[in-house]
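Asker:
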Amino acid sequence: MAKYLLLKHYRGAPAAVNDVPMDQWTPEEISAHLQFMRDFADRLEKTGEFVDGQALAPEGAWVRYDGEGRPPVTDGPFAETKDLIAGWMIIDVDGYDRAVELAGELSAAPGAGGKPIHEWLEVRPFLAAHPTVTD
Amino acid sequence: MDEALVRSLTPGVLTILVRRGADFAAAEDAVQDALIEAFRVWPADPPRDPKGWLVTVAWRKFLDQARADSARRRREDLVEDEPPPGPAPGLDDTLQLYFLCAHPSLTPSSAAALTLRAVGGLTTRQIARAHLVPEATMAQRISRAKRTVSGVRFDRPGDVATVLRVLYLVFNEGYSGDVDLAAEAIRLTRQLAAAIDHPEVAGLLALMLLHHARRASRTGPDGSLVPLAEQDRGRWDTRMIAEGIGILQAALARDRLGEFQAQAAVAALHADAPTAGETDWVQIVEWYDELVRLTDSPVVRLNRAVALGEADGPRAGLAALAALDDSLPRYAAVAAYLHERDGDPETAARLYAEAARKAPNLAERDYLTRQAARLNAGRRR
Numbered sequence: 005m006a007k008y009l010l011l012k013h014y015r016g017a018p019a020a021v022n023d024v025p026m027d028q029w030t031p032e033e034i035s036a037h038l039q040f041m042r043d044f045a046d047r048l049e050k051t052g053e054f055v056d057g058q059a060l061a062p063e064g065a066w067v068r069y070d071g072e073g074r075p076p077v078t079d080g081p082f083a084e085t086k087d088l089i090a091g092w093m094i095i096d097v098d099g100y101d102r103a104v105e106l107a108g109e110l111s112a113a114p115g116a117g118g119k120p121i122h123e124w125l126e127v128r129p130f131l132a133a134h135p136t137v138t139d
Numbered sequence: 333m334d335e336a337l338v339r340s341l342t343p344g345v346l347t348i349l350v351r352r353g354a355d356f357a358a359a360e361d362a363v364q365d366a367l368i369e370a371f372r373v374w375p376a377d378p379p380r381d382p383k384g385w386l387v388t389v390a391w392r393k394f395l396d397q398a399r400a401d402s403a404r405r406r407r408e409d410l411v412e413d414e415p416p417p418g419p420a421p422g423l424d425d426t427l428q429l430y431f432l433c434a435h436p437s438l439t440p441s442s443a444a445a446l447t448l449r450a451v452g453g454l455t456t457r458q459i460a461r462a463h464l465v466p467e468a469t470m471a472q473r474i475s476r477a478k479r480t481v482s483g484v485r486f487d488r489p490g491d492v493a494t495v496l497r498v499l500y501l502v503f504n505e506g507y508s509g510d511v512d513l514a515a516e517a518i519r520l521t522r523q524l525a526a527a528i529d530h531p532e533v534a535g536l537l538a539l540m541l542l543h544h545a546r547r548a549s550r551t552g553p554d555g556s557l558v559p560l561a562e563q564d565r566g567r568w569d570t571r572m573i574a575e576g577i578g579i580l581q582a583a584l585a586r587d588r589l590g591e592f593q594a595q596a597a598v599a600a601l602h603a604d605a606p607t608a609g610e611t612d613w614v615q616i617v618e619w620y621d622e623l624v625r626l627t628d629s630p631v632v633r634l635n636r637a638v639a640l641g642e643a644d645g646p647r648a649g650l651a652a653l654a655a656l657d658d659s660l661p662r663y664a665a666v667a668a669y670l671h672e673r674d675g676d677p678e679t680a681a682r683l684y685a686e687a688a689r690k691a692p693n694l695a696e697r698d699y700l701t702r703q704a705a706r707l708n709a710g711r712r713r
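Protein chains in written order, with this note's numbering: chain A, 5 to 139; chain B, 333 to 713.
#1: Would you mind telling me which residues of chain A sit closer than 8 Å to B:D676, beta carbon to beta carbon, in chain order?
#2: Counting only runs that start and end within the region 652 to 697 of chain B, where is the alpha helix (DSSP H) found for 4 or more residues in a row?
#3: Buried or exposed for B:W385, please, with buried defined as at least 16 other CB atoms from any protein chain shown within 10 angstroms of its CB.
#4: Could one say the Cβ of A:I34 lies closer than 8 Å to chain B's Cβ atoms, at least one of them?
#5: Would you mind sorting B:P553 into buried or exposed? The rule is 16 or more other CB atoms within 10 Å of its CB.
#6: Restricting to runs no shorter than 4 residues, where is the alpha helix (DSSP H) found entirely within the region 362 to 401 of chain B?
#7: For B:A514, tell me which candidate among B:R522, B:A525, B:V502, B:L524 has the shortest Cα-Cα distance.
#8: Applying the criterion that 16 or more other CB atoms from any shown protein chain within 10 Å of the CB defines a buried residue, is B:W619 buried or exposed?
#9: Kindly identify the DSSP beta-bridge partner or partners of A:W92.
#10: Report yes or no: do three or more beta-carbon pairs, one from the region 29 to 43 of chain A and one from the region 72 to 81 of chain A, lie closer than 8 Å?
#11: So which residues on chain A does B:T701 lean against when the C-beta distance must stay under 8 Å?
#12: Please decide whether A:A59 counts as near chain B, where near means a Cβ-Cβ distance under 8 Å.
#13: Which chain B residues sit within Cβ distance under 8 Å of A:E123?
#14: Decide if B:S442 is buried, meaning its Cβ has at least 16 other Cβ atoms within 10 Å, or exposed.
#15: Using CA coordinates, which residue listed in B:N504, B:D676, B:Q593 is at the minimum distance from B:P440?
#16: On the three-state DSSP scale, how would you describe A:E126?
#17: B:S549 lies in the alpha helix (DSSP H); which residues open and close that run?
#18: Please classify A:P76: does DSSP put it in a helix, a strand, or coil?
#19: For B:S340, I'd like the list of residues in its chain whose CB is within less than 8 Å of its CB, leaving aside the five on either flank, ordered along the chain.
#20: What are the partner residues of A:P120, as DSSP defines its beta bridges?
#21: Since I believe B:L560 is in contact with B:A608 (beta carbons under 8 Å), could you give me their beta-carbon distance rounded to a whole number of angstroms?
#22: Got a sec: is the Cβ-Cβ distance from A:L38 to anything in chain B below 8 Å?
#23: Determine contact between the region 539 to 559 of chain B and the region 588 to 602 of chain B, defined as no fewer than three beta-carbon pairs at a distance below 8 Å.
#24: Give a yes or no on contact between the region 118 to 131 of chain A and the region 38 to 46 of chain A, applying the rule of three or more CB pairs nearer than 8 Å.
#25: Kindly say whether A:E49, judged by its beta-carbon, lies nearer than 8 Å to any beta-carbon of chain B.
#26: For the structure I just gave you, are there three or more beta carbon pairs, one from the region 91 to 109 of chain A and one from the region 47 to 56 of chain A, closer than 8 Å?
#27: Taking the alpha-carbon of B:D569 as reference, which of B:A603, B:V498, B:S556 has the nearest alpha-carbon?
#28: So which residues of chain B does A:P31 contact, with C-beta pairs closer than 8 Å?
#29: For A:W66, does the three-state DSSP call read helix, strand or coil?
#30: In the DSSP assignment, find the unbroken alpha helix (DSSP H) run with B:Q523 in it and report its ends.
#31: Cβ atoms of A:A103 and A:Y8: under 8 Å apart, would you say?
#32: Does any C-beta atom of chain B lie closer than 8 Å to the C-beta of A:P62?
#33: Given a cut-off of 8 Å on the beta-carbon distance, is the pair B:A362 and B:K393 in contact?
#34: Give the DSSP-derived three-state secondary structure of B:E640 in the structure shown.
#35: Does the CB of B:A308 have a neighbour CB from chain A at under 8 Å?
#36: Distance cutoff 8 Å, beta carbons only. Does B:L557 sit that close to anything in chain A?
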């Protein structure tokens with residue numbers, strides 16, 4: 005089994021096919037979308053492939069060490085290019101192909117007009133802490 | 333073996349050891365050892381006086397450990413100097429633990445964890461699961477807290493207000509897994525209310541009961557947020573509400589008003605209304621005026637603006653809002669609601685979307701996004 009991170013972006017990913025902001029949907033479309041996400045996580049829990057999932061707030065800041073005293077906190081100067089992660093799901097699956105398959109399914113979550121969003125999700129393999137024993 | 337009995341005795345045993353001079357961490361280890369012994373011995377040979385049995389065994393365990401310790405002489409001197417244990421007049425054993433666990437040298441989250449461990453008798457695993465952190469992390473947080481208070485003795489009475497803040501924090505931390513922290517906080521506050529006679533303790537207990545009574549109706553079957561006005565009042569726990577109101581009235585009658593009593597009074601007025609439309613908003617505004625006087629908190633002023641919007645109309649609410657800092661948490665949500673009621677869905681939709689972006693949790697974000705979507709969809713039709 006191998007762990008993969010599925011990343012959903014607020015900003016920074018290529019535009020989705022059905023790219024309409026959520027506050028322009030109908031309340032029913034929002035409900036359908038949230039139900040889809042819940043069902044997806046529940047299903048992966050049942051198949052034993054779910055590890056963790058969390059949503060992140062859209063507010064974020066850059067912080068770095070800048071010598072003595074308080075570190076500077078800024079929302080820029082890279083605000084216009086900054087990737088913004090909306091949330092993640094960690095899955096533990098047989099391999100890369102299964103991770104891509106699941107990311108594809110998640111990207112089909114319904115959006116405006118009840119049609120799939122076709123959003124781009126990032127799939128990243130975890131680096132394991134220990135080498136796999138092969139012999 | 334009666335596990336609830338053991339859990340209720342543990343804090344008292346711990347307190348006696350600490351009062352006799354054991355430091356907090358060593359006393360806790362000794363009590364744990366005594367509990368293990370109890371689980372082994374009691375099923376076959378139950379003691380007549382379980383607490384006395386636990387004190388004796390725990391004290392022996394502590395002395396064994398102390399003798400093995402390099403600081404043996406110092407600790408034994410400490411024991412020699414200590415007056416023999418006797419009844420502490422007017423003060424319940426457990427009460428002293430409350431004050432120790434809410435000591436001002438602890439951060440609020442450490443104080444909450446230590447209270448659950450020492451007064452509530454919960455295991456580290458249960459506390460960790462309730463806070464959604466790894467058990468090792470919580471074990472460290474608790475042992476650091478124990479070290480922090482290990483030099484603190486019981487001769488200085490703590491501040492009731494600090495204890496109440498810690499209990500309210502526990503109440504608000506919610507629940508997961510097998511421990512419901514809200515219910516646990518109510519249990520502990522009941523204990524505290526039985527031990528000391530203080531109108532603010534009663535006020536906090538009433539406030540918790542009144543909030544807790546409405547819990548089942550606060551979320552839909554899918555976990556979505558249901559606002560007060562739309563809640564199914566048939567699902568409110570009327571017995572718990574009646575108990576909360578009774579406790580509150582007795583506290584108010586003593587004419588020593590404090591923050592928790594005033595908050596409980598607002599909660600009681602909501603709980604008492606048969607329908608949302610029959611809510612006595614005029615009285616609620618008056619209670620918020622009291623709260624402003626007592627706390628001068630901007631969050632209270634924000635809540636007051638909402639109440640004023642209901643009592644005197646959305647314009648009055650918006651006027652009150654204009655005097656506040658728009659970076660306050662939930663400011664945009666309140667502004668959105670008042671603008672919608674004032675007949676301006678366009679501004680309201682924009683503010684709901686802004687509020688959703690700033691929402692502190694998923695349930696609120698989804699609720700606010702849906703409000704924005706509802707108004708935007710309505711305008712397109």
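From the three backbone atoms N, C-alpha and C, an ideal C-beta is built for every residue, glycine too.
What you are looking at is a predicted structure, and each value in this text was computed from that prediction instead of being measured.
Answerer: According to the data block:
#1: Those do not exist, as B:D676 stays about 16 Å from chain A at its closest Cβ, beyond 8 Å.
#2: 663 to 673, 677 to 690
#3: buried
#4: yes
#5: exposed
#6: 382 to 400
#7: B:V502
#8: buried
#9: A:L11, A:Q58
#10: no
#11: M26, D27, I34
#12: yes
#13: Within chain B, no residue comes near A:E123; the closest Cβ sits about 16 Å away, beyond 8 Å.
#14: The residue is buried, with at least 16 neighbouring Cβ atoms inside 10 Å.
#15: B:N504
#16: strand
#17: Careful: B:S549 lies outside any alpha helix (DSSP H) and carries neither H nor E.
#18: Residue state, collapsed to three classes: coil.
#19: G453
#20: A:P114
#21: 7 Å
#22: yes
#23: Yes, the region 539 to 559 of chain B is in contact with the region 588 to 602 of chain B.
#24: As far as the Cβ criterion goes, the region 118 to 131 of chain A does not touch the region 38 to 46 of chain A, which means the pair count is below three.
#25: no
#26: yes
#27: B:A603
#28: R702, A705, R706, A709
#29: strand
#30: 513 to 527
#31: Going by C-beta atoms, A:Y8 is nearer than 8 Å to A:A103.
#32: yes
#33: yes
#34: According to the sequence provided, residue 640 of chain B is Leu. The question's Glu does not apply to it. In the structure shown, B:L640 sits in a helix (DSSP, three-state: H, G or I).
#35: This structure leaves residue 308 of chain B out entirely; chain B is present only between 333 and 713.
#36: no
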